[in-house]
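Numbering (the working numbering), first residue to last: 6 to 613.
Glycine included, C-beta positions come from ideal geometry on N, C-alpha and C.
Reading through the structure tokens given below for one structure.
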Ligand code: F6R
């Protein structure tokens with residue numbers, strides 16, 4: 006997804022912009038550009054490709070002197086990745102310059118109108134419409150022009166804007182795309198996300214929908230769409246600056262896998278007090294919890310997979326029916342949310358467009374929405390009725406690992422809380438489960454330390470064509486995530502199947518040497534799984550099994566076995582996923598893939 010950085014102050018803007026953009030690379034991009042006011046005119050350099058190209062073109066920013074500027078990394082939506090479509094975009098005279106994150110949905114209509122008035126377009130982007138529209142409405146007052154275009158634009162946008170006629174000012178505005186601003190020593194900075202400003206400040210303001218910021222070197226004023234001044238409070242960011250860097254690991258993905266024990270601890274320990282689960286932010290009385298008749302979980306990708314796992318946990322522990330839906334499906338299927346339905350949306354970024362839309366649809370229908378979110382202050386966090394943060398810290402690798410693990414913990418805690426409140430589990434069950442939860446971080450660490458063994462195994466499958474993942478019950482949910490992790494980073498096709506479904510079609514794809522990863526952590530399903538493993542093994546598959554310590558029977562039907570330590574049957578996902586994450590990671594590394602930024606993917610998917 007696109008990234009924005011803007012600076013106004015007493016320092017050279019271009020190096021600050023380039024450095025800030027480098028901290029947003031994780032969002033995914035295909036071109037980049039910066040524009041700086043040089044005392045006479047606004048100079049711009051932009052190009053397709055990585056930021057390195059932009060740094061070279063600008064001699065690390067030296068070629069663009071000036072103390073006010075905006076920069077952008079673009080992930081193409083309208084118009085292919087190219088120099089001309091890269092941001093920033095100018096109006097005709099080069100007197101207004103804009104960077105944009107989001108999509109202007111009515112841009113074609115606006116473009117036609119502007120063309121009729123004589124405006125000429127040089128790019129295929131929706132963003133260029135914004136520059137010309139500002140030009141059309143600008144009569145000397147930038148704030149007025151900005152509010153006017155806000156009334157005309159439909160869709161999502163975070164914008165950074167400079168007017169040549171007001172070189173001592175920088176403007177920013179947002180609707181449905183993230184944007185923050187921070188005051189630095191001798192200037193102000195805007196950005197799409199926190200890592201871009203951490204070097205300069207820890208106090209940031211989260212810009213809300215339809216809010217505008219007008220900045221000078223020393224001042225920062227906020228306005229609503231009616232041009233009325235508004236008051237905002239800053240939020241202190243406690244992250245360690247290094248947390249947003251690779252910290253000695255070869256890839257962010259590996260580093261973040263290693264941060265899982267901490268992410269798990271940080272997510273559960275503040276919510277366990279005196280042997281009880283305390284989730285203040287849930288803000289529900291025992292009566293309200295007991296009144297929940299159904300839970301609807303909505304999310305995308307890996308977050309959806311945590312939802313699939315928690316269906317088994319909620320239903321098994323708290324005996325509440327759970328429906329899990331992909332957000333992109335939910336929002337368009339006219340969902341039925343009867344009284345007593347609680348909606349849980351899960352999102353690492355808190356900005357996923359489909360999940361946000363599902364949240365809004367649920368609220369429209371009167372449902373209570375709980376967000377389980379990693380990014381503090383994100384759109385989903387702000388719009389949900391209640392938000393339960395996972396404390397996984399910034400996740401930079403596109404493929405999620407630590408946020409996935411933290412989401413699972415939040416969901417276990419919720420299910421346990423509901424189960425206890427409803428009387429489905431008693432004090433002793435709760436105490437046992439909490440013991441098992443507390444043991445998870447050390448167990449995860451132990452599995453991570455086994456990485457060399459998995460790496461060796463992974464190296465045997467670098468040329469695989471297809472890989473299958475099978476499991477039953479919770480193990481099916483684990484398989485879904487194991488398969489996604491492998492395919493998204495290694496580009497090897499893989500599929501996850503409920504093991505019982507294999508013979509309804511998929512087994513015909515199994516041939517000599519096909520790797521079938523079998524997950525069997527559920528005691529009551531061991532025997533059934535072993536039968537499914539034998540079925541594929543006799544058809545030539547190489548079977549890798551992930552199972553519980555002591556289940557040596559698995560060796561009967563597997564060629565290679567990874568054992569995970571004993572835990573509560575509802576928590577096995579948190580352990581079984583570790584070898585599967587490592588498998589995906591090492592296959593990708595062995596194949597020379599761009600592990601942290603797999604092709605065609607973006608970390609934060611803010612378009613539907
Ligand atoms: C896969 C992955 C994605 C995300 C999905 C939802 O490794 O990271 O599938 O899980 O795009 O993103 P969030 O959680 O930010 O809503």
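In this structure, residue 356 lies near residue 611, with their beta-carbon atoms less than 8 angstroms apart. In this structure, residue 167 sits near residue 75, with a CB-CB distance shorter than 8 angstroms. Here the alpha carbon of residue 217 sits roughly 39 angstroms from the alpha carbon of residue 294. Around the beta carbon of residue 205, 16 or more other beta carbons lie within 10 angstroms, which makes this residue buried. Exclusion of the five residues before and after residue 445 leaves 269, 579 as the residues of its chain whose Cβ lies within less than 6 angstroms of its Cβ. Looking at the backbone, the Cα of residue 43 and that of residue 9 are separated by about 20 angstroms. Of 298, 149, 55, 563, the smallest CA-CA separation from residue 534 is found for 563. Minimum Cα-Cα distance from residue 329 among the listed residues 470, 340, 528 corresponds to 340.
Here residue 481 carries a helix assignment [DSSP, helix/strand/coil]. With 16 or more other Cβ atoms inside 10 Å of its own Cβ, residue 489 counts as buried. No heavy atom of ligand 1 is found nearer than 7 angstroms to the CB of residue 527. Relative to residue 589, the option among 480, 262, 525 whose CA is nearest is 262. DSSP places residue 227 in the uninterrupted beta strand (DSSP E) bounded by 225-228. Residue 153 has no beta-bridge partner at all, per DSSP. Two segments are said to touch when three or more pairs of C-beta atoms, one from each, lie closer than 8 angstroms; by this definition the segment 337-351 touches the segment 291-308.
In the same chain as residue 211, and ignoring 5 residues on each side of it, the C-beta atoms closer than 6 angstroms to its own belong to 185, 382, in chain order. Around the beta carbon of residue 529, fewer than 16 other beta carbons sit within 10 angstroms, so the residue counts as exposed. Secondary structure within the segment 432-500: the alpha helix (DSSP H) runs of 4 or more consecutive residues, fully enclosed, are 432-453, 456-464, 479-495 (chain order). Residue 222 is positioned such that its CB atom lies no closer than 8 angstroms to that of residue 376. For residue 12, the enclosing beta strand (DSSP E) has its first and last residue at 8-14. Selection 176, 196, 309, 108 evaluated against residue 331 yields 309 as nearest (Cα-Cα). Annotation: the continuous alpha helix (DSSP H) that includes residue 413 extends over 407-426. With respect to the C-alpha of residue 110, the residue from 228, 77, 100, 131 having the closest C-alpha is 131. In this structure, DSSP gives residue 339 a state outside helix and strand, which the three-state scheme calls coil. Inclusion of residue 493 in the 7 angstroms shell around ligand 1 follows from its C-beta lying nearer than that to a non-hydrogen atom of the ligand.
The beta strand (DSSP E) runs lying completely inside the segment 308-338 and spanning 3 residues or more are 327-331, given in chain order. The nearest non-hydrogen atom of ligand 1 is less than 7 angstroms from the C-beta of residue 306. DSSP, reduced to helix, strand and coil, places residue 267 within a helical segment of the structure shown.
Spanning the alpha carbons of residue 105 and residue 313 requires a straight line of approximately 35 angstroms. Taking C-beta atoms as the reference points, residue 40 and residue 78 fail to come closer than 8 angstroms. The Cβ atoms of residue 20 and residue 48 do not sit closer than 8 angstroms to each other.
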